[in-house]
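Q:
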Amino acid sequence: PKECKVISYDGVKVVFRGDLKKAAEIPVEYRTNKTIEDILFNKKVRAVTIYFKSASSNGIYAAEAFEITFKLLNFSYPKYSIKPRFDGKEIDNYNLVDSSEENPAIVLVHPDFTNSTKVVVKDTAIYIYGKDKEGMDLATVRFLTLAMGIDANEVCD
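Residue numbers (this note's numbering): 193 to 349.
Here it is in structure tokens:
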């Protein structure tokens, strides 16, 4: 099957860092289908903080954080008429993640700190785990497809 990294989203060409069909296979642990949307797009959201823990190669964080921020601010938030501020914060320990309805967290878990690739939703924080660079890309794409309401089976041939 051919890769699917470019789709039309509301008539706009959108390019992803990973294959949407492969990303659709990444496991997600969440309470309901709406959890990610409820967390990110409720009217109380004022800011979104992207957390990361310093690792051997921090460049992967920059790429994922840029993709998340760009796509959410340009494609998702305008639909909800909300324009939150996006902040990045380095932490020493994942227990220091601070999130709330007004300031949800997106936590990037670097391959140095995990052996799995998945998306986990806890309270008002969304954790994106990648066991390697490709896993990080795919988990980020999986998160974005959920946040943007994209079904890979519908948009990819």
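From the three backbone atoms N, C-alpha and C, an ideal C-beta is built for every residue, glycine too.
Please read these numbers as outputs of a predicted model, since none were measured by experiment.
(1) Taking only the alpha-carbon atoms, compute the straight-line gap between Glu217 and Arg277 and give it to the nearest angstrom.
(2) Is Thr261 helix, strand or coil when you go by DSSP?
(3) Measure the C-alpha to C-alpha separation of Lys310 and Arg238 and round it to an integer number of angstroms.
(4) DSSP state of Glu175, grouped into three classes?
(5) In angstroms with no decimal places, state the Cα-to-Cα distance between Asn307 and Asp324.
(6) Label Pro270 either buried or exposed according to how many other C-beta atoms from any shown protein chain fall within 10 Å of its C-beta, with 16 as the threshold for buried.
(7) When DSSP builds the beta bridges, which residues end up paired with Phe244?
(8) Where Thr224 and Ile231 are concerned, what is the direct C-alpha to C-alpha distance, given to the nearest angstrom?
(9) Helix, strand or coil for Ser200, going by three-state DSSP, please let me know.
(10) Taking the alpha-carbon of Arg209 as reference, which of Met328, Ala339, Val220, Val347 has the nearest alpha-carbon?
(11) Identify whether Tyr272 lies in helix, strand or coil by the three-state DSSP scheme.
(12) Could you give the C-beta distance for Leu338 and Ile260, rounded to a whole number, given that I count them as a contact under 8 Å?
(13) Beta carbon of Glu256, beta carbon of Thr316: below 8 Å?
A: Quick look at the numbers:
(1) Rounded to whole angstroms, the gap between the alpha carbons of Glu217 and Arg277 is 31 Å.
(2) Three-state DSSP puts Thr261 in a helix.
(3) Whole-angstrom Cα-Cα distance: 26 Å.
(4) Since the first residue shown for the chain is 193 and the last is 349, residue 175 is missing from the structure and cannot be characterised.
(5) Spanning the two alpha carbons is a distance of roughly 8 Å.
(6) Flag for Pro270 reads exposed.
(7) Looking at the DSSP output, Phe244 sits in a beta bridge with Glu282, Leu300.
(8) Note on Thr224: pLDDT 49, under 50, position unreliable in the model; the coordinate value appears next. So the alpha carbons of these two residues sit roughly 11 Å apart.
(9) Under the three-state reduction of DSSP output, Ser200 falls in the strand class.
(10) Comparing Cα-Cα distances from Arg209 to each of Met328, Ala339, Val220, Val347, the minimum goes to Met328.
(11) Per DSSP, reduced to three states, the secondary structure at Tyr272 is helical.
(12) That pair is no contact at about 12 Å.
(13) Contact: no.
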